[in-house]
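Heads up: the structure comes next, in structure tokens.
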Amino acid sequence: MPSRTVVGLCAVVVVAFGLLAVEHGFALAAGRRDLFSQLLAWLVSDAFVFGPDSLLRSVQPYYDAAYVRIGLHMALGGTAVSLGALQFVPALRRRWRRLHRVTGFIVWVATGASMLMGMAYLVFVPMQHAASGPAFYLGLWALDLLTVFLLWQAVAAAIARDFRSHMVWMAMVYAALLTAPMLRVDWWIAGLLSDFNLRVLNLTTGAFVFLQTTLLMGLWLTRVGDRDLPARKAGDSVWPRWLVLGISAVTALSAFQEGLLTPQGIADVFSAWRSSGDKLPVGYGACWALSTIAAMATVPRNWKCLLDGQRPGPVLTCATLGVALAAAGIGMHADPTVPAHLASGWFLVSYAAFLVIGLALAHRAAPATTGRNAWGLTTLAALWLPSQLPVLLVLGLSVGTTFAEAMTQALVNGVGGVIVAGLATGFGAKLRFLVTLNRRRPALDAKAAASA
């Protein structure tokens, strides 16, 4: 009963937010204050929402100039969030399949159109004038593009009648959509517990909100979704062995560079952009680097074991805890006077919590019906975060961000991809273009043999 109560309360919050988001779109068109902003002002303070340094005042000129784009983005996104909640109730899906399909089609269209309107708004707004600055702006771009990709995978899986893949991909789509209501809840809690204004809190809470929502939807898959559809045979991973080992090697090299060499002033490839305050603390950096390298050294054995449903080995377990400890230590020593440093710090503390929770679930939860240790694979994939940093740092710096802003968006955007990859692998989702190629291969081979 308590778990059902929690789920029910979450559903009420999600649906209520969806309706408030729809109302926000109409409020922009009417040129009046939206209900959610008024509610947040009542819950925290009027100055927090409408004060001279508030987030709303900084974005309002762009909202007014592009109210159609941002209004449609919010209204359609709110529709997708509200109706999407119904798609994850197994009883409704089993009893009213036609309703599930019709509602699902509306969610697909609303989600896709909302993301397109969101990107159209981002094109209109200069990066330096975006809400909470360049790091948040680049994070919005990454989230929009990731949502479109996940939606494409979910639709393709449904067309192919691969309902397990469809369920997993839609759970990830909904995790992306849930960042909007979860971010507002985080505003409220952080606004009550801290003295930071909403512009800063939007950046800092936005840094870890996707970790929260993927954890929630991953738990839904573990407790509900995975058991609601027929099992899929374990089989081999869609990941080629060379790719798994390659990502692990890049992860170890990146951690060695950032955690051991750069804090000592050795071979810093970003020295032209990085100040001394952007470097990791020597002790925590070394702990993070050595723990990451130790974890990556176990990948050849542990990846296969996790695919077979076994628990993480003792070395991987200890190394993961070492990474979590180092990440939390680095995060808690972040400079609170620099918003980008503060956001990276809050992210790293949340990332550490995600690793610990994922590791606990990997040791306690039963294997998924795929026969795989889903949370073990997800936690291991999360350790690949350093492999994403070099490219994303270059991307951020190339568009004119500071190094601190580039690092914030690299952490946030990098972790989303690796965690989604881990969950998809653990719960048996397939990439449709890979499956299509595999299905065509026998026909192509037969045709080649006949022509010979």
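When you line the sequence shown up against this note's numbering, it's residues 1199 to 1650, in that order. For glycine and all other residues, C-beta sits at the position ideal for the given N, C-alpha and C. Model, not experiment: these values are computed from the prediction.
- [ ] Tell me whether the beta-carbon of Ala1493 lies closer than 8 Å to the beta-carbon of Ala1526.
- [x] As a first step, residue 1493 must be located in the sequence shown, where it is residue number 295. As a first step, residue 1526 must be located in the sequence shown, where it is residue number 328. Going by C-beta atoms, Ala1493 is not nearer than 8 Å to Ala1526.
- [ ] With DSSP as the reference, label Asp1384 as helix, strand or coil.
- [x] The residue you call residue 1384 lines up with position 186 of the sequence shown. The answer is helix: DSSP assigns Asp1384 an H, G or I state.
- [ ] Could you have a look at Gly1337 and say whether DSSP puts it in helix, strand or coil?
- [x] Locating residue 1337 in the sequence shown gives position 139, where the first residue counts as 1. DSSP, read as helix, strand or coil, puts Gly1337 in helix.
TODO: Report yes if the CB atom of Thr1402 is closer than 8 Å to the CB atom of Ala1373, and no otherwise.
DONE: Here residue 1402 refers to the residue found at position 204 of the sequence shown. Here residue 1373 refers to the residue found at position 175 of the sequence shown. Not closer than 8 Å, so no.
Open item on the list: Checking 8 Å against the spacing of the C-beta atoms, do Ser1585 and Ala1405 come in under that value?
Closed with: Residue numbering aside, residue 1585 sits at position 387 when the sequence shown is read from its first letter. Residue numbering aside, residue 1405 sits at position 207 when the sequence shown is read from its first letter. No, the Cβ-Cβ distance between Ser1585 and Ala1405 is not below 8 Å.
TODO: Spatial neighbours of Ala1604 within its chain, please: CB distance less than 7 Å, with the 5 preceding and 5 following residues excluded, ordered by chain position.
DONE: Position 406 of the sequence shown, counted from the first residue, corresponds to residue 1604. Same-chain partners within the cutoff: Leu1591, Gly1594, Leu1595.
TODO: Kindly list the residues whose CB is nearer than 8 Å to the CB of Phe1322, restricted to its own chain and excluding five residues on each side of it in sequence; keep chain order.
DONE: Reading the sequence shown from its first residue, position 124 is the one you call residue 1322. Cβ neighbours of Phe1322 beyond the five flanking positions: Tyr1260, Ala1263, Ala1264, Arg1267.
Open item on the list: Does Pro1288 come out as helix, strand or coil in the three-state DSSP assignment?
Closed with: Taking the sequence shown and counting its residues from 1, one reaches residue 1288 at position 90. It is helical.
Task: Bounding residues of the alpha helix (DSSP H) (the contiguous stretch that carries Asn1611) - done: Counting from one through the sequence shown, the residue named residue 1611 turns up at place 413. 1601-1624 is the extent of the alpha helix (DSSP H) around Asn1611.
Task: Residue closest to Leu1396, alpha-carbon to alpha-carbon, out of Val1480, Asp1424, Val1247 - done: The residue given as residue 1396 occupies position 198 in the sequence shown. Comparing C-alpha distances from Leu1396 to each of Val1480, Asp1424, Val1247 shows the shortest one belongs to Val1247.
Task: Euclidean distance between Cα positions of Gly1483 and Thr1515 - done: Along the sequence shown, read from residue 1 onward, the residue named residue 1483 stands at position 285. Along the sequence shown, read from residue 1 onward, the residue named residue 1515 stands at position 317. Looking at the two C-alpha atoms, the distance is approximately 19 Å.
Task: 4-residue-minimum alpha helix (DSSP H) runs that sit fully inside the stretch 1393-1468, ordered along the chain - done: 1396-1404, 1407-1418, 1439-1454
Task: Burial state of Trp1544, where buried means 16 or more other Cβ atoms lie within 10 Å - done: What you label residue 1544 is simply residue 346 of the sequence shown in a count that begins at 1. Result: buried.
Task: Three-state secondary structure (DSSP) of Asn1500 - done: Walking along the sequence shown from the start, residue 1500 turns up at place 302. Asn1500: helix per DSSP, three-state reduction.
Open item on the list: Is the beta carbon of Ala1602 closer than 8 Å to that of His1539?
Closed with: Start at 1 with the first residue of the sequence shown, and residue 1539 comes out as number 341. Start at 1 with the first residue of the sequence shown, and residue 1602 comes out as number 404. Their beta carbons are under 8 Å apart, which means His1539 touches Ala1602 by this criterion.
Task: Between the CA atoms of Thr1345 and Met1185 - distance to the nearest angstrom - done: Because the chain in this structure spans residues 1199 to 1650, residue 1185 falls outside the shown range and cannot be described.
Task: Assumed close pair Ala1273, Ala1219 - CB separation to whole angstroms, cut-off 8 Å - done: One-based indexing of the sequence shown puts residue 1273 at position 75. One-based indexing of the sequence shown puts residue 1219 at position 21. Contact holds; Cβ gap of about 7 Å.
Open item on the list: Taking a contact to mean a Cβ-Cβ separation below 8 Å, would you say Leu1409 touches Ala1369 in this structure?
Closed with: Within the sequence shown, residue 1409 is the residue found at index 211, counting from 1. Within the sequence shown, residue 1369 is the residue found at index 171, counting from 1. Result no, Cβ atoms of Leu1409 and Ala1369 do not sit closer than 8 Å.
Task: Reference Arg1570, options Leu1254, Leu1451, Asp1506, Asp1384, closest by Cα - done: The residue labelled residue 1570 in the question sits at position 372 within the sequence shown. Measuring from the Cα of Arg1570, the nearest candidate turns out to be Asp1506.
Task: Rounded separation between Pro1498 and Gly1529 - CA only - done: Along the sequence shown, one-based indexing puts residue 1498 at 300. Along the sequence shown, one-based indexing puts residue 1529 at 331. Their Cα atoms are separated by approximately 30 Å.
Task: DSSP-derived helix/strand/coil call for Pro1588 - done: Taking the first residue of the sequence shown as 1, we reach residue 1588 at position 390. Residue state, collapsed to three classes: helix.
Task: Best match in Met1365, Gly1475, Pro1565, Leu1621 for proximity to Val1536 [C-alpha to C-alpha] - done: In the sequence shown, counting from the first residue as 1, residue 1536 sits at position 338. Checking every option, the nearest Cα to that of Val1536 belongs to Gly1475.
Open item on the list: Distance check for Thr1576 and Val1616, CA to CA, integer angstroms please.
Closed with: Position 418 of the sequence shown, counting from 1, holds the residue named residue 1616. Position 378 of the sequence shown, counting from 1, holds the residue named residue 1576. About 8 Å.
Open item on the list: Would Ala1465 and Leu1459 qualify as a contact pair, given that the criterion is a beta-carbon distance under 8 Å?
Closed with: Sequence index remark: in the sequence shown, residue 1465 carries index 267 (1-based). Sequence index remark: in the sequence shown, residue 1459 carries index 261 (1-based). Taking 8 Å as the Cβ cut-off, Ala1465 and Leu1459 qualify as a contacting pair.
TODO: Please classify Ile1445: is it buried, with 16 or more other beta-carbons within 10 angstroms of its beta-carbon, or exposed?
DONE: Taking the sequence shown and counting its residues from 1, the one referred to as residue 1445 is at position 247. Answer is buried; the Cβ neighbour count reaches 16.
Task: From Gln1258, Ala1522, Thr1277, residue whose alpha carbon lies closest to that of Met1313 - done: To locate residue 1313, count along the sequence shown from 1; it is residue 115. When each option's Cα is compared against that of Met1313, the closest is Thr1277.
TODO: Let me know the secondary structure DSSP gives Asp1262 once reduced to three states.
DONE: The sequence position of residue 1262 within the sequence shown is 64, counting from 1. Asp1262: helix per DSSP, three-state reduction.
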